[in-house]
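A.B. asks: Sharing a structure below in structure tokens format, with a few things to ask.
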Amino acid sequence: MDGRNLFGVADETDELQYGQCFIQYSTLTPTKKGQGRFQVVTGTVIVTKNPCLWPGAFRRLTAVRNEKLEACMRDVIVFPTKGERPHSNEIAGSDLDGDQYWVYWDDSLRIEKNVEPLSYIGAKKLEIPSITSENIIENIVNSFGASIILGMIENTHTVVADKHSEHSFSEPCKKLAELFSLAVDSPKTGHFIEMEKLRPFQKEYCKDWPKYMRKSGERTY
-8 MDGRNLFGVA
2 DETDELQYGQ
12 CFIQYSTLTP
22 TKKGQGRFQV
32 VTGTVIVTKN
42 PCLWPGAFRR
52 LTAVRNEKLE
62 ACMRDVIVFP
72 TKGERPHSNE
82 IAGSDLDGDQ
92 YWVYWDDSLR
102 IEKNVEPLSY
112 IGAKKLEIPS
122 ITSENIIENI
132 VNSFGASIIL
142 GMIENTHTVV
152 ADKHSEHSFS
162 EPCKKLAELF
172 SLAVDSPKTG
182 HFIEMEKLRP
192 FQKEYCKDWP
202 KYMRKSGERT
212 Y
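Here the sequence shown is numbered in our numbering, starting from -8 and rising by one per residue.
Now the structure itself:
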């Protein structure tokens, strides 16, 4: 296999340069003693997060060897701490609080260049002077609703990308990608995405759906 889904961590050695990363993964074939084998990836790799709603969330990095990291880092992707902006943040505005990244290093899929990532300006955390039982219940209910909104944004994005002449590079897809990033963090920030922000996209593009989405009972094309 030439890819993995890996947790992201920061380079505490401060030796990786911007544009680099470190990956050492477990192979699927153990040694005769049952111990795991590990392989260090070198060369060009593609990194993103699922779902990827903006082409700029695909990052082309260079995986390198590093003796210090080889001694202790396995089955994670190590991002550099250098550069104007963290690579993790370039990927859908994510951070390193448990986020997982899809990493691929085979020649079957390549990107010619890195597309400019979105700014992903996060919402400030909502501050409540005095937290009540009602606040807690409301937050729990809204958090359940947030997962539903995420799915709706993702599905709407799929339709827009399929119909628009510029596909995932289109302005509507860009706005939906930004909306998705805000929705992901809404349980942490307290700013939950309202359906009203999604309805204009659905009204314009979701009158029918691509057959491959298997929308039972809906008009398809």
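All C-beta atoms in this analysis are idealised placements derived from N, C-alpha and C, irrespective of residue type, glycine included.
Note that the coordinates shown come from a computational prediction; the quantities given were computed from them, not determined experimentally.
So what does DSSP say about A54, is it helix, strand or coil?
C.D. replies: Position 63 of the sequence shown, counted from the first residue, corresponds to residue 54. Three-state result, A54: strand.
A.B. asks: Would you tell me roughly how many angstroms separate the C-alpha atoms of E61 and T33, rounded to the nearest one?
C.D. replies: Position 70 of the sequence shown holds residue 61. Position 42 of the sequence shown holds residue 33. Each residue's Cα considered, the two are about 12 Å apart.
A.B. asks: By a C-beta neighbour count over all protein chains shown, 10 Å radius and 16 as the cutoff for buried, is E187 buried or exposed?
C.D. replies: Taking the sequence shown and counting its residues from 1, the one referred to as residue 187 is at position 196. Exposed, because fewer than 16 other Cβ atoms sit within 10 Å of the Cβ of E187.
A.B. asks: Below 8 Å, can you find three or more Cβ-Cβ pairs linking the stretch 168 to 177 to the stretch 138 to 145?
C.D. replies: Touching, per the Cβ criterion.
A.B. asks: Does DSSP classify I112 as helix, strand or coil?
C.D. replies: Reading the sequence shown from its first residue, position 121 is the one you call residue 112. Note: I112 maps to coil in three-state DSSP.
A.B. asks: Which residue wins for smallest C-alpha separation from K115, given the options Q15, K179, A48?
C.D. replies: Within the sequence shown, the letter at position 124 stands for residue 115. K115 has its Cα closest to that of K179, out of Q15, K179, A48.
A.B. asks: Could you spell out where the alpha helix (DSSP H) holding L173 opens and where it closes?
C.D. replies: Translated into positions along the sequence shown, residue 173 becomes position 182. Where L173 is concerned, the enclosing alpha helix (DSSP H) stretches over 162 to 180.
A.B. asks: Using 10 angstroms around the beta-carbon of G84, count the other beta-carbons present and answer buried if the total reaches 16, otherwise exposed.
C.D. replies: Reading the sequence shown from its first residue, position 93 is the one you call residue 84. When all chains shown are included, G84 counts as buried.
A.B. asks: Taking all protein chains shown into account, decide if D97 is buried (16 or more other Cβ within 10 angstroms of its Cβ) or exposed.
C.D. replies: In the sequence shown, residue 97 corresponds to position 106, counting from 1. By the 10 Å Cβ count, D97 comes out exposed.
A.B. asks: Should H158 go down as buried or exposed, given a rule of 16 or more other Cβ atoms within 10 Å for buried?
C.D. replies: For the purposes of this step, residue 158 is taken as residue 167 along the sequence shown, with counting starting at 1. Per the 10 Å Cβ criterion, exposed.
A.B. asks: Short of 6 Å in beta carbon distance, which residues of its chain neighbour R210, apart from the five on each side in sequence? Order them along the chain.
C.D. replies: Position 219 of the sequence shown, counting from 1, holds the residue named residue 210. Here the set comprises D199.
A.B. asks: Can you tell me the Cα-Cα spacing of T18 and R28, whole angstroms?
C.D. replies: Translated into positions along the sequence shown, residue 18 becomes position 27. Translated into positions along the sequence shown, residue 28 becomes position 37. The straight-line gap from Cα to Cα measures roughly 5 Å.
A.B. asks: For N126, report the span of its beta strand (DSSP E) as first-last.
C.D. replies: Stepping through the sequence shown from its first residue, residue 126 is reached at position 135. Here N126 belongs to no beta strand (DSSP E); instead the alpha helix (DSSP H) covers 124 to 154.
A.B. asks: If you count every other CB in all the chains shown that lies within 10 Å of the CB of V94, and 16 or more means buried, which is it?
C.D. replies: One-based indexing of the sequence shown puts residue 94 at position 103. Buried, since its Cβ has 16 or more Cβ neighbours within 10 Å.
A.B. asks: Short check: CB of V38 to CB of C63, under 9 Å?
C.D. replies: Within the sequence shown, the letter at position 47 stands for residue 38. Within the sequence shown, the letter at position 72 stands for residue 63. Not closer than 9 Å, so no.
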